[in-house]
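Right, one structure below, let's go through it.
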Amino acid sequence: MTTLTQIHSKITWINKKPVQEVLRYLAIFLVAFILFGIILWLAGKNPIEAIYDTLVYTLGTPGGFSEVIVKMIPLLFTAIAVALPSRVGLINVGAEGQLYIGALTAASAALALPDLPAWALLPLMAGAGLLGGALWAFIPVWLRARGLVNETISTLLMNYIAPAIVSFFVYGPLRATGVASAPQTPDFSLSARLPAFFGTRIHLGLIIGLLILGIYWYVMKYTRWGLEMRAVGGNPQSARRNGIPISLYLILAMCIGGAIAGLAGMSEISGIHARLRPNFSPGFGYTGFLINWLAFGDPLGILLMSFIIAIITSGGDILQLSQGLPYAVLNILLAITLYVVLAKPSFFERKKA
Amino acid sequence: MSLLALLGVLSSAIYSGTSLLYTTLGEVIGERAGIVNLGLEGVMLISAASGFAITHITGNPYLGILAAMIAGGLTNMLFGYLVITRKANQLASGLATMFFGFGLSALIGASYVGAKIESLPRFLFPGLGYLPVQYTSQFKFDFLIYLVVPVALGVWFLLYRTRWGLGLRAVGENADTAYAAGRNPHLIRYITLFLAGMLAGLGAAHLSIVYTRTWKEFMTAGRGFIAVALVIFSKWHPLRAIAGALLFGGAVAFQLLLQASGVKVSPFLLDSIPYALTLLVLMAWGGTRKHSAPASLGRVYHGSE
Amino acid sequence: MPLPPGLVETKIDPLFALRGITKRFGAVIANDHSDLDIFRGEIHALLGENGAGKSTLMKILYGFYRMDEGEILYQGKPVQIRTPQNALELQIGMVFQNLNLIPAMTVAENITLFLRDLPAVYQPRQVSERIREFSRQYGLEVNPDALVSQLSIGEQQKVEIIKLLLSNARLLILDEPTRVLAPHEAESLFQVLDRLRHSNYSIILITHKLKDVLRCADRITVLRAGKVVSSILGSEATQEKLISMMFDKEVTTRVIRQGQASLAVEKPLLQLVKVSTQGEGAAASLVGIDLEIYPGEIVGIAGVSGNGQKELGDVVLGMEHIIQGRKLLFGRDYTRKSIGQTRKDGVSFIPENPLSMATVPFMTVLENMVLTNTRRYARAGGLKVDWQAVQQDMQKALGRFGFSFSPYTLAKSLSGGNLQRLIIARELAHDPKLIIASYLTSGLDVQSATIARQALLNARDEGAGVLLISEDLDELFTLSDRLIVLFDGRIAGEFNPAETDTYTVGHLMTGS
Chain X
1 MTTLTQIHSK ITWINKKPVQ EVLRYLAIFL VAFILFGIIL WLAGKNPIEA IYDTLVYTLG
61 TPGGFSEVIV KMIPLLFTAI AVALPSRVGL INVGAEGQLY IGALTAASAA LALPDLPAWA
121 LLPLMAGAGL LGGALWAFIP VWLRARGLVN ETISTLLMNY IAPAIVSFFV YGPLRATGVA
181 SAPQTPDFSL SARLPAFFGT RIHLGLIIGL LILGIYWYVM KYTRWGLEMR AVGGNPQSAR
241 RNGIPISLYL ILAMCIGGAI AGLAGMSEIS GIHARLRPNF SPGFGYTGFL INWLAFGDPL
301 GILLMSFIIA IITSGGDILQ LSQGLPYAVL NILLAITLYV VLAKPSFFER KKA
Chain U
1 MSLLALLGVL SSAIYSGTSL LYTTLGEVIG ERAGIVNLGL EGVMLISAAS GFAITHITGN
61 PYLGILAAMI AGGLTNMLFG YLVITRKANQ LASGLATMFF GFGLSALIGA SYVGAKIESL
121 PRFLFPGLGY LPVQYTSQFK FDFLIYLVVP VALGVWFLLY RTRWGLGLRA VGENADTAYA
181 AGRNPHLIRY ITLFLAGMLA GLGAAHLSIV YTRTWKEFMT AGRGFIAVAL VIFSKWHPLR
241 AIAGALLFGG AVAFQLLLQA SGVKVSPFLL DSIPYALTLL VLMAWGGTRK HSAPASLGRV
301 YHGSE
Chain C
1 MPLPPGLVET KIDPLFALRG ITKRFGAVIA NDHSDLDIFR GEIHALLGEN GAGKSTLMKI
61 LYGFYRMDEG EILYQGKPVQ IRTPQNALEL QIGMVFQNLN LIPAMTVAEN ITLFLRDLPA
121 VYQPRQVSER IREFSRQYGL EVNPDALVSQ LSIGEQQKVE IIKLLLSNAR LLILDEPTRV
181 LAPHEAESLF QVLDRLRHSN YSIILITHKL KDVLRCADRI TVLRAGKVVS SILGSEATQE
241 KLISMMFDKE VTTRVIRQGQ ASLAVEKPLL QLVKVSTQGE GAAASLVGID LEIYPGEIVG
301 IAGVSGNGQK ELGDVVLGME HIIQGRKLLF GRDYTRKSIG QTRKDGVSFI PENPLSMATV
361 PFMTVLENMV LTNTRRYARA GGLKVDWQAV QQDMQKALGR FGFSFSPYTL AKSLSGGNLQ
421 RLIIARELAH DPKLIIASYL TSGLDVQSAT IARQALLNAR DEGAGVLLIS EDLDELFTLS
481 DRLIVLFDGR IAGEFNPAET DTYTVGHLMT GS
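Right under this line is the structure:
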């Protein structure tokens, strides 16, 4: 009789050899970097210099390295926010919007109850962030469950509405008075800020993110619900005929995903900014989507990809400073990476269930 | 509201709706062949930046429009390679194209932010000169605007009166059947995407070269997605798309009017109107989607062995 | 290969000759060096059971598939047929099993798509006129402006034949045309084919039904497991000869039933009381269905595809929404209950297409076995799944039927027959009280089909109730204790199979 672990290793949801996977990721990035380098060179810039500068800064200096981790934290959250719904076949491009609304609700909690002690206020803010994100995700998934609108496009549209709502509040009811410079909310009280480690900017959000990643991994691999969700994602018609409540899972997966994105928003404003500013996200939600696709929803892959992408986006700052290119140019590299994965050259063989 | 103001809204609607209509027409034919392109946003951005840059370099807006069309067609070919030959998921491929457009347009347009260009001449439709000037002054349009409805008619003619158009529609309904009829679904889809890309390029050209006469990062502000929604609103029919584009152009115009007239509504909430309206339209038309959409929309065609 | 009668003396080349055609799909050899001759003015039947390679061979001739080895000769000269366009140019036409028609388009548009002599810009009205004239001429009445989605299957088939004729095909290949036709409709079709043969058309009839072959074939070529076994003249063919050509070993299609169904002494398992549903778009709607199923009986549902049988199965499962009426299971009201609830209380469902409707292709066999009731194997409130118990139960369930599969193969790598066996084992594993079998044996080879039918009979003998939906009238007559005919969403008749015949039922099925 085969043991439980033996059975598990054979049916395990992500069935692969680690070495193969790492090689695969390396190959993807190599191709993408080369193509990106060519484009930069055609534009008259020096790609080698840019890459060298980036790597030296991010991996060579403690300050640079800690900044990479800081950048990685929200990506962990948003990648899971996309990964979980993708298990049931939903494409959640709305992590960006969910992040904004989560930040808004969390900020409201922080500004409304600044005198609460940290052990009460922080969980309250987290809860508010979760709620805000879940709410913003509920509308698209409800529309999808009713067969009205494809969630890809509804979440995309709501990504344009959410920052506007946040701006409305920051310029309006939540605005800090007497500040002559950029519009923002008043600074959060000390108890509203996630504590940081060892004098760096790396904050508690990292631990929370890793925890959620671990829970995601366990649920999908071992639990009954993970199994049913994978069935829904693998073949919704079969799942439905077999009695699995697909509408329920669609809504749950999407709302929990949205909640996690909302938590990303809370973690950013509480751990880094200590206030709510308009348009504070450089596209964390979209980057999270990218990471999820590159990693195929695999938790380890998400961890690895978030780290690498965080290094790359640090390179974006460098691109701006040393090469005089707008930060947005970095999207080309990210796009090429996704393109290479989608083009499925024969040496990447991948399946998911 | 006075007649003048009403006409102003109409004129504004036509101005902002034209680029939307071109793009929507392109997406109509693309979706009729079974391909949904969420990367339209990226395609438009690249075209807008290219068109603007060429216009600035050569001083010739017509060359800029041509550049925009070619850029749009080529970008769509990149997208097409993924979804047709590599058989990748259409939604994800569209998003990859979107990212690509964000980045490449920023690169192309970097040196041209804030630049000034020669735009297209605007003129009154011949024969309307005898109407009072106060009314007609708002209706001086460039040739792209005058051309858009004939182009829509052209698309209709292509789809419903030509053999090739019938084949295109068949590919979008059931590519296997089209193949059994002796057509080449892959080739048809590539050609369709190229045409669609050129139309999107026209729309983007109108946006950067005529409507705003500037280049700014992310300047299309979601128009690519609104176009995808408009295709659903028009039930995949090119002539109905005209009404849809006018409606949305009107929403944008209405928003500008409200802002200009000093009404006390937050500009941010006003900015949300086009997207919220799109969402509402999608909700209202959602049920019909299943019955009017091309049967194989979004499905990967694996070809025959 | 024997020549058609009347051609023995003259030395005419066959219109088309296939030589050494070989086709592989991965590791499976679909056609193994097959030869075939086709002459003008004959009806040539390609006979063989499901999976023998008949469709594949003809799809190669039509250019839809490309052969790996072999050649095709047209009037003695080799030709290249790599795409359907090549075949159309050689005046070959094919009606596929799942009809190559686009439901959202009109009859005229569908036909126009295949016409090769139109200019780049065409006039739809002209084409419609052409179609009207032609259909009048040949007695194949169709309305060119009707949407294909509004036509019945029999009418759609007529459109397919007109389409072939109007696009100048001289060789017509028909793939299982009578599968979806009632007996009298099939007879009309054969009469049309007779006329066409008389006008010197060549017709290839792909079928697995001996009756059809004996009725109209001039020559018969039998395929088995991808190889051409042999050919004989229609005049010399008998049922026994054909069966011995089709099967190499003793294959029994007979199933054993023990005893008659007990009459309604007990309470019914299922009761549908005036149940109506609303079909979406082109799907059928049920109207006022009254149905009962008792323990230990098989109720067969006959009907032409699209008249509500699929919806009936779905209604019992809980997948189709009931807008009027009540559904009672085991005496309790289940009208609004979920599929999960229905299954948990003892209802099983065997669908027609196991890959797309019952399994998750990228999951393993082991995981698929669990999907109908994950709660049964959940531990710690759902946090763990007892895979060892799953494996034990799976081996037991498969063992009952003499099947065995490695638990770790992916579902998508199993053949159609094996998948259906897996699903049957799964669905019957925990002794369900009510079994819904929807097109149980479609596409299965004879052996798998027999096993499936026997499994149902055994379940019935042990007291289960079975709702058997099928388009195979012979199967229905063999297995059912009671036979119900659906037409246009309503019950058109109810019979004891022993007291009626396929023609009567067939007429009810088509509303005539």
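Protein chains in written order, with this note's numbering: chain X, 1 to 353; chain U, 1 to 305; chain C, 1 to 512.
Just so you know, even glycine gets a beta-carbon here, dropped at the ideal spot from N, CA and C.
Cβ of residue i within 8 Å of Cβ of residue j?
i, j, result
"A107(X)", "L276(X)", "yes"
"K412(C)", "F362(C)", "yes"
"L259(X)", "L99(X)", "Sequence check: residue 259(X) is Ala here, not Leu. No, Cβ-Cβ distance for A259(X) and L99(X) is not below 8 Å."
"G402(C)", "T223(X)", "no"
"S338(C)", "I435(C)", "no"
"I246(X)", "A79(X)", "no"
Under a three-way DSSP split, which group does residue i fall into?
i, result
"A178(U)", "helix"
"D445(C)", "coil"
"A437(C)", "strand"
"D13(C)", "coil"
"H273(X)", "helix"
"G51(C)", "coil"
"V142(C)", "coil"
"K344(C)", "helix"
"Y201(C)", "coil"
"G172(X)", "coil"
"E494(C)", "strand"
"E129(C)", "helix"
Ignore the nearest five residues each way along the sequence and tell me which others in residue i's own chain have a CB closer than 7 Å to its CB.
i, result
"F348(X)", "Any reading at F348(X) is ruled out, since the residue's pLDDT is 49, under 50, leaving its predicted position unreliable."
"Q156(C)", "L99, L101 and V148"
"A106(U)", "E217"
"A358(C)", "P351 and I423"
Show which residues of chain A have a CB atom less than 9 Å away from the CB atom of residue i.
i, result
"M357(C)", "The structure shown has no chain A; the protein chains it does contain are X, U and C."
Would residue i count as contacting chain X if we go by Cβ distances under 8 Å?
i, result
"T278(U)", "yes"
"A378(C)", "yes"
"M394(C)", "no"
"V385(C)", "yes"
"L40(U)", "no"
"V316(C)", "no"
Out of curiosity, what's the CA-to-CA distance linking residue i and residue j?
i, j, result
"A261(X)", "I232(U)", "29 Å"
"L4(U)", "L246(U)", "18 Å"
"P163(X)", "Y286(X)", "14 Å"
"Y439(C)", "I350(C)", "8 Å"
"K227(C)", "D212(C)", "21 Å"
"W293(X)", "R170(C)", "51 Å"
"R240(U)", "P354(C)", "41 Å"
"M319(C)", "V265(U)", "48 Å"
"A67(U)", "Y22(U)", "16 Å"
Give a yes or no on whether 8 Å exceeds the smallest Cβ distance from residue i to chain U.
i, result
"F168(X)", "yes"
"I111(C)", "no"
"Y339(X)", "yes"
Taking CB distances under 8 Å as the criterion, tell me whether residue i reaches chain C.
i, result
"W285(U)", "no"
"R161(U)", "yes"
"W164(U)", "yes"
"Y179(U)", "yes"
Within a Cβ cutoff of 8 Å, which residues of the same chain sit near residue i, ignoring the five residues on either side of it in sequence?
i, result
"V8(C)", "Only weak support exists for where V8(C) lies, its pLDDT of 49 falling under 50; the coordinates are left without a value."
"S66(X)", "T200, R201 and I202"
In its own chain, which residues sit with a C-beta less than 6 Å from the C-beta of residue i, not counting the 5 before and 5 after it?
i, result
"A295(X)", "G301, I302 and M305"
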